[in-house]
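Sequential numbering from 1094 applies to the sequence shown in the working numbering.
Virtual Cβ for every residue (Gly too), placed ideally from N, Cα, C.
Written below as structure tokens is the structure these notes are about.
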Amino acid sequence: MIALEKEYIPYLAPIFDRKPKSVTALMVGKLTSYTDMVVIVEAGSSRQVTSLSEHIIKSLKGTKRKATGVEGVKEGQWALLDFGHLIIHVFESDAKAFYDLEGLWSDAEQVDLSEFNTQTPTDMEDDDGF
């Protein structure tokens, strides 16, 4: 596990505001040329996927940190927020298990997120994260 670099904190902090089921951050820059970090977020419902994704975008609005690409936010199964050097995937639980990005990036170094409140609810099936 490697330490979290300060430049990523503004992108990650809004994720924890909405109490996701799980968050994994992986440094993939040595494995791919298109990004440095992949963040995999598990939301408890499709409604929370949308809410969490919109919250991240809104939190960064007005800063120099704007997404260069956004996909799937309204659909609520898998949202992708591309910030260039950082890509955030927000998944509904079944979609996260199906696509298994942690398995795909198993050679990547995991980032220590302990500075955030990483105690997330284990059962949020009927909760939208508020």
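What is the DSSP secondary structure of residue i, reduced to helix, strand or coil?
i	result
F1109	helix
V1142	helix
A1096	coil
Step through the CB atoms of chain C and report whether any lies within less than 9 Å of the CB of residue i.
i	result
H1178	The structure shown contains no chain C, having only a single protein chain.
Would you kindly check if the distance between the Cβ of residue j and the Cβ of residue i is under 9 Å?
i	j	result
V1121	H1182	no
Q1203	A1188	no
E1195	S1138	no
G1162	L1174	yes
S1146	V1166	yes
S1201	V1131	One point to set straight first is that residue 1201 is Ala, not Ser, in the sequence displayed. Against a cut-off of 9 Å, the Cβ pair of V1131 and A1201 comes out as a contact.
T1128	I1180	yes
Q1141	P1113	yes
L1124	L1206	no
I1149	I1108	yes
S1152	D1110	yes
From which residue to which residue does the beta strand (DSSP E) around residue i run?
i	result
E1116	The sequence given here places Val at residue 1116; Glu does not occur at that position. Here the beta strand (DSSP E) through V1116 covers S1115 to M1120.
Residue i: beta carbon under 8 Å from a heavy atom of the ligand FAD?
i	result
D1200	By its list of ligands, the structure shown contains no ligand whatsoever, and the ligand FAD lies outside what it can speak to.
Continuous beta strand (DSSP E) assignments of at least 3 residues falling wholly in the stretch 1148-1217: 1162-1164, 1171-1175 and 1179-1185
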